[in-house]
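Under the working numbering, the letters of the sequence shown match residues 360 to 477, in that order.
Positions of the beta carbon are idealized from the N, C-alpha and C atoms, including for glycine.
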Amino acid sequence: QVQLVESGGGLVQPGGSRRLSCAASGIIFNINAMGWYRQAPGKQRELVARIGSGGSTVYADSVKGRFTISRDNAKNTVYLQMNSLKPEDTAFYYCNAGGSIYGSGSIWGRGTQVTVSS
């Protein structure tokens, strides 16, 4: 059974940091591109960052220089390190598997909420 399980969400103050994790099972992790997306209330789901099987990365302009996506193939896990968080980063964050570095795959996790507020 293919499964992506996100963790690490929560409440963080503006300017703070948070690391999200996504544990994958049921897929050959090391050959899959992985990504993080987010969806704020009333808005469409948008790309945050993607990482290819070889480690190449793509970021949304809004998070460049603040967020870092990485992967640990030995642990079947992809991470999103978020620094200098802003209130506009508040959203439900979803993990995605498959596709390519430039486009999402068909496998999604259930998401984790990140709220940036003082």
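Residues of the same chain with a CB within less than 6 Å of the CB of Ile460, apart from the 5 flanking positions on each side, are Ala392, Arg409, Gly411, Ser415, Val417 in chain order. Annotation for Ala450: the continuous beta strand (DSSP E) segment containing it runs 450 to 456. Taking the C-beta atoms as reference points, Val473 is found no nearer than 8 Å to Ala456. Per DSSP, Glu405 is one residue of the beta strand (DSSP E) stretching across 405 to 410. The Cβ neighbour count for Glu365, taken over all protein chains shown within 10 Å, is at least 16; the residue is labelled buried. Judged by their CB atoms, Ser384 and Gln362 are nearer to each other than the 8 Å cut-off.
For Gln398, DSSP records a beta bridge to Phe451. CA-to-CA, the gap between Thr427 and Cys454 works out to about 14 Å. Under the three-state reduction of DSSP output, Ile466 falls in the strand class.
About 6 Å separates the beta carbons of Pro373 and Ser477, which is inside the 8 Å limit, making them a contact pair. In chain order, Tyr396, Arg397, Gln398, Tyr453 place their CB closer than 8 Å to the CB of Arg404, counting only its own chain and leaving out the 5 sequence neighbours on each side.
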